[in-house]
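Number of protein chains: 4
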Amino acid sequence: MFKDTDFIKSCDVPGPTKEAIRAIILYKSDVSPTDKVVDCGCGTGGITCEFAKRAGEVISIDTNPEAIEITSKNLEKFGLGDNVKLINDDGANALKDIDGIDIAIVGGSGRQLENILDIVHEKLNSKGRIIITAILVDTKVEAINKLKSLGYNPQIMEVNVSNGRVLDRGILMISENPIAIMTAQKR
Amino acid sequence: MFKDTDFIKSCDVPGPTKEAIRAIILYKSDVSPTDKVVDCGCGTGGITCEFAKRAGEVISIDTNPEAIEITSKNLEKFGLGDNVKLINDDGANALKDIDGIDIAIVGGSGRQLENILDIVHEKLNSKGRIIITAILVDTKVEAINKLKSLGYNPQIMEVNVSNGRVLDRGILMISENPIAIMTAQKR
Amino acid sequence: MFKDTDFIKSCDVPGPTKEAIRAIILYKSDVSPTDKVVDCGCGTGGITCEFAKRAGEVISIDTNPEAIEITSKNLEKFGLGDNVKLINDDGANALKDIDGIDIAIVGGSGRQLENILDIVHEKLNSKGRIIITAILVDTKVEAINKLKSLGYNPQIMEVNVSNGRVLDRGILMISENPIAIMTAQKR
Amino acid sequence: MFKDTDFIKSCDVPGPTKEAIRAIILYKSDVSPTDKVVDCGCGTGGITCEFAKRAGEVISIDTNPEAIEITSKNLEKFGLGDNVKLINDDGANALKDIDGIDIAIVGGSGRQLENILDIVHEKLNSKGRIIITAILVDTKVEAINKLKSLGYNPQIMEVNVSNGRVLDRGILMISENPIAIMTAQKR
Ligand SMILES: Nc1ncnc2c1ncn2[C@@H]1O[C@H](CSCC[C@H](N)C(=O)O)[C@@H](O)[C@H]1O
Ligand SMILES: Nc1ncnc2c1ncn2[C@@H]1O[C@H](CSCC[C@H](N)C(=O)O)[C@@H](O)[C@H]1O
Ligand SMILES: Nc1ncnc2c1ncn2[C@@H]1O[C@H](CSCC[C@H](N)C(=O)O)[C@@H](O)[C@H]1O
Ligand SMILES: Nc1ncnc2c1ncn2[C@@H]1O[C@H](CSCC[C@H](N)C(=O)O)[C@@H](O)[C@H]1O
Numbered sequence: 001m002f003k004d005t006d007f008i009k010s011c012d013v014p015g016p017t018k019e020a021i022r023a024i025i026l027y028k029s030d031v032s033p034t035d036k037v038v039d040c041g042c043g044t045g046g047i048t049c050e051f052a053k054r055a056g057e058v059i060s061i062d063t064n065p066e067a068i069e070i071t072s073k074n075l076e077k078f079g080l081g082d083n084v085k086l087i088n089d090d091g092a093n094a095l096k097d098i099d100g101i102d103i104a105i106v107g108g109s110g111r112q113l114e115n116i117l118d119i120v121h122e123k124l125n126s127k128g129r130i131i132i133t134a135i136l137v138d139t140k141v142e143a144i145n146k147l148k149s150l151g152y153n154p155q156i157m158e159v160n161v162s163n164g165r166v167l168d169r170g171i172l173m174i175s176e177n178p179i180a181i182m183t184a185q186k187r
Numbered sequence: 001m002f003k004d005t006d007f008i009k010s011c012d013v014p015g016p017t018k019e020a021i022r023a024i025i026l027y028k029s030d031v032s033p034t035d036k037v038v039d040c041g042c043g044t045g046g047i048t049c050e051f052a053k054r055a056g057e058v059i060s061i062d063t064n065p066e067a068i069e070i071t072s073k074n075l076e077k078f079g080l081g082d083n084v085k086l087i088n089d090d091g092a093n094a095l096k097d098i099d100g101i102d103i104a105i106v107g108g109s110g111r112q113l114e115n116i117l118d119i120v121h122e123k124l125n126s127k128g129r130i131i132i133t134a135i136l137v138d139t140k141v142e143a144i145n146k147l148k149s150l151g152y153n154p155q156i157m158e159v160n161v162s163n164g165r166v167l168d169r170g171i172l173m174i175s176e177n178p179i180a181i182m183t184a185q186k187r
Numbered sequence: 001m002f003k004d005t006d007f008i009k010s011c012d013v014p015g016p017t018k019e020a021i022r023a024i025i026l027y028k029s030d031v032s033p034t035d036k037v038v039d040c041g042c043g044t045g046g047i048t049c050e051f052a053k054r055a056g057e058v059i060s061i062d063t064n065p066e067a068i069e070i071t072s073k074n075l076e077k078f079g080l081g082d083n084v085k086l087i088n089d090d091g092a093n094a095l096k097d098i099d100g101i102d103i104a105i106v107g108g109s110g111r112q113l114e115n116i117l118d119i120v121h122e123k124l125n126s127k128g129r130i131i132i133t134a135i136l137v138d139t140k141v142e143a144i145n146k147l148k149s150l151g152y153n154p155q156i157m158e159v160n161v162s163n164g165r166v167l168d169r170g171i172l173m174i175s176e177n178p179i180a181i182m183t184a185q186k187r
Numbered sequence: 001m002f003k004d005t006d007f008i009k010s011c012d013v014p015g016p017t018k019e020a021i022r023a024i025i026l027y028k029s030d031v032s033p034t035d036k037v038v039d040c041g042c043g044t045g046g047i048t049c050e051f052a053k054r055a056g057e058v059i060s061i062d063t064n065p066e067a068i069e070i071t072s073k074n075l076e077k078f079g080l081g082d083n084v085k086l087i088n089d090d091g092a093n094a095l096k097d098i099d100g101i102d103i104a105i106v107g108g109s110g111r112q113l114e115n116i117l118d119i120v121h122e123k124l125n126s127k128g129r130i131i132i133t134a135i136l137v138d139t140k141v142e143a144i145n146k147l148k149s150l151g152y153n154p155q156i157m158e159v160n161v162s163n164g165r166v167l168d169r170g171i172l173m174i175s176e177n178p179i180a181i182m183t184a185q186k187r
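Going down the list, the protein sequences come from chains A, B, C and D.
Going by UniProt numbering, the first residue of the first sequence is number 1, and it counts up by one from there.
Going by UniProt numbering, the first residue of the second sequence is number 1, and it counts up by one from there.
Going by UniProt numbering, the first residue of the third sequence is number 1, and it counts up by one from there.
Going by UniProt numbering, the first residue of the fourth sequence is number 1, and it counts up by one from there.
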């Protein structure tokens, strides 16, 4: 496992996705060593590093060149990356050239979520899994509605985590912001 | 109502107790214009200002002289304070000289919670209410056990609030830390 | 204060709005004894009873006749209701005949939220407050967007409450479902 | 992955530990195919089944014979169990005969938590991990204090999950009760 603080960070790139969320995504993904994974909006590389350890192949995309750079640095820090391809492009564009996806993570989409899901749906293998994370309330509704319109039976889980600081005077709980995880599986 | 940002703050004094928690405390207190209220650990004055507006008399205590000062400033800012007495002392000590309490708020106690509750119990009117807030997990257990041992039927509510930032790109929810509110009423 | 369990309930009517949420709504409403309040979607009467105690006049509306009946029973149980008018109609319709609103609570709207907010906006006094509660994620987005389009500066707070059962073996926390509270004030 | 509803349940046995919590425990455990795992208080077998799939060897203990029976049924349902030993005994007693533990999960302890942790500490391999789940506030404090006194640097994470029901009228979020996860690693 990685600790949140293990990751190299940059002020201009969001992430890494926090530990509990990474754990839940990994679990829901049912990842296996032969899976082809796309991480759309790889940010700091929190999700990319987790799947690099467990999947066959990972393709990580981000519009922000700095995100690609910092994801690359984190992969290197953890001795990972041999099975990872980094693409600095818009997800909706980069996905056009990717086929046979087993697991598609959408951790960032700008205003392209519907487009990205259209292409992901097309490129996803049968039994393939889509996992979308959201920090905006709007994204939750948009993701669920789009997944429904594509014929999926989507699920949504919202997670509120707080972490303790174990002080001399007692245990002080500090909250993380709520994160929603929307998931769907292709028939 | 006050907004959280309405209060003058100081780096060295915790508080103010956040809006939702102030609202719940006010509601649970059933405060009326004849009530005598003690605010033990008044900090920034978040609770003191609320009760100054609604109670007959408020006595606010804090070991930290800066807390007394900043509470005083906030009362002044809101045009309140005529019915408020500020005491710079340990709660366990100051409470010895106070009688006929209708509502006792314990928002800070250091390691004196049991002592403070012993004295509060003695000085509390029949039908009087005790309200304790906790940011430490340990304080929750200590408060409930002490209230039970004093013969109360204590209640505990834990509140996790997140507030939205309404941005152009959507609604981003930001979490406050969890707060527990323990309450009891004298027979 | 009322306990959640104080209210008469019916299987076919949702509510009452839980204690912490009632407390926060009351606080945000800044209700005073001269205020004219509309409770659109009064359900079990949880909100209606609170405002009946504190406002000048309350008009409570529900499309469900059983909600009107049970709200009436709860008002009677608490010795309230002299200043309450109950209307069994769609909110969007009933609101057309109501003027000079100081506080509008929308606790239920079916698919009429935008219509209801259009009329509320028209009938709301200057400095009047709108408070919308939501259990659906979609309602949060719809409410915020509509309030923005009407020229308001809306706020949203999400509240996760858990209540303790104080057992011999310890304190067991039981969660309520998350509730969002959207608010806005007319200039 | 298992869904919560995949597990056979019994009214008299708590569990299964919910999906998000199982995911986080798995992640924090860093389980590998050679690990020896103890699940103290296996209940319905939620945790036992997860580790049976991923660890070398699992020993599951419960004082309640019905928990042992239902854990056995769930293992069978999922085609697992060849590497699992079930013991119907008190954890503090059964652990005395177990050596070389890599991962110790304590999901139930009655009033024996301190005793159980004393023995777990003794039997845990270097680099071994202890994971305790708590539904009682008291257990959080007890676990952290005991782990500290045994020389660990314990961590605590509290998780509040809500799951969506995707309805025609929108997304309704339903809360699970809060769960705390306390972890520590032997040097
Ligand atoms: N349309 C799009 N295509 C590709 N990347 C996008 C995008 N819209 C937003 N993003 C990227 O999505 C990222 C979201 S932050 C992701 C954090 C990441 N999961 C981690 O664990 O580190 C940002 O870096 C942003 O640049
Ligand atoms: N034994 C004690 N007696 C009096 N005050 C105490 C105390 N132990 C801690 N305190 C005070 O308790 C305060 C807790 S912070 C309270 C914040 C306050 N409710 C607000 O809304 O602003 C601190 O200012 C601290 O100095
Ligand atoms: N368009 C509409 N006009 C009026 N009432 C409506 C409505 N759409 C839904 N409702 C009503 O809104 C209610 C929501 S439940 C409200 C619970 C209430 N706040 C309490 O504390 O008891 C339901 O009773 C439903 O019948
Ligand atoms: N001292 C002790 N030794 C062993 N089991 C115990 C115990 N005290 C409590 N338990 C057991 O701990 C269990 C807690 S419920 C555990 C649920 C389980 N993690 C799951 O996923 O299904 C109960 O079945 C209870 O019988």
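A virtual CB, placed ideally from N, CA and C, is assigned to each residue, including glycine.
Just so it is clear, the structure is predicted and the values come from calculations on it, not from any experiment.
With which residues is residue i paired in a DSSP beta bridge?
i                        : result
threonine 17 of chain C  : Bridge partners of threonine 17 of chain C: none, in fact.
threonine 71 of chain D  : Beta-bridge pairing links threonine 71 of chain D to no other residue.
arginine 165 of chain D  : D:Leu172
aspartate 62 of chain D  : D:Asn88
arginine 129 of chain D  : D:Ile103, D:Gln185
aspartate 39 of chain B  : B:Ser60, B:Ile105
glutamine 155 of chain C : C:Thr183
alanine 134 of chain A   : A:Ala180
Could you compute how far the alpha carbon of residue i sits from the alpha carbon of residue j?
i                         : j                         : result
isoleucine 105 of chain C : methionine 182 of chain B : 29 angstroms
aspartate 12 of chain B   : isoleucine 25 of chain D  : 38 angstroms
glutamine 155 of chain A  : glycine 170 of chain A    : 37 angstroms
aspartate 35 of chain D   : glutamate 50 of chain D   : 13 angstroms
aspartate 138 of chain D  : isoleucine 116 of chain C : 47 angstroms
threonine 133 of chain C  : glycine 108 of chain C    : 8 angstroms
isoleucine 68 of chain B  : lysine 77 of chain C      : 44 angstroms
leucine 172 of chain C    : lysine 9 of chain C       : 25 angstroms
glutamine 185 of chain C  : asparagine 163 of chain B : 17 angstroms
threonine 44 of chain D   : serine 60 of chain D      : 11 angstroms
aspartate 90 of chain D   : valine 159 of chain D     : 28 angstroms
alanine 180 of chain A    : isoleucine 135 of chain A : 7 angstroms
aspartate 6 of chain B    : lysine 140 of chain B     : 29 angstroms
glycine 110 of chain C    : alanine 52 of chain B     : 41 angstroms
aspartate 102 of chain A  : arginine 187 of chain A   : 12 angstroms
Could you tell me whether any non-hydrogen atom of ligand 2 is closer than 8 angstroms to the CB of residue i?
i                         : result
valine 159 of chain D     : no
aspartate 16 of chain B   : Aspartate is not the amino acid found at residue 16 of chain B; the sequence shown has proline there. Indeed, a heavy atom of ligand 2 lies less than 8 angstroms from the Cβ.
threonine 133 of chain B  : yes
aspartate 168 of chain A  : no
asparagine 177 of chain B : no
aspartate 89 of chain B   : yes
serine 10 of chain C      : no
isoleucine 61 of chain B  : yes
Verify the contact flag: residue i, CB atom, against every heavy atom of ligand 4, threshold strictly below 8 angstroms.
i                        : result
alanine 67 of chain A    : no
glycine 41 of chain D    : yes
residue 198 of chain B   : Since the first and last residues shown for chain B are 1 and 187, residue 198 of chain B lies out of range.
asparagine 64 of chain D : yes
alanine 92 of chain D    : yes
Is residue i close to ligand 3? I mean its beta-carbon at under 8 angstroms from any heavy atom of the ligand.
i                      : result
valine 13 of chain C   : yes
serine 162 of chain C  : no
residue 251 of chain C : Nothing can be reported for residue 251 of chain C: it is not among the residues displayed for chain C, which extend from 1 to 187.
valine 81 of chain A   : In the sequence under discussion, the amino acid at residue 81 of chain A is glycine, which differs from the valine named in the question. No, the Cβ of glycine 81 of chain A stays beyond 8 angstroms of every heavy atom of ligand 3.
Taking 8 angstroms as the cut-off, does the CB of residue i come closer than this to any heavy atom belonging to ligand 1?
i                         : result
threonine 71 of chain A   : yes
isoleucine 101 of chain B : no
serine 149 of chain D     : no
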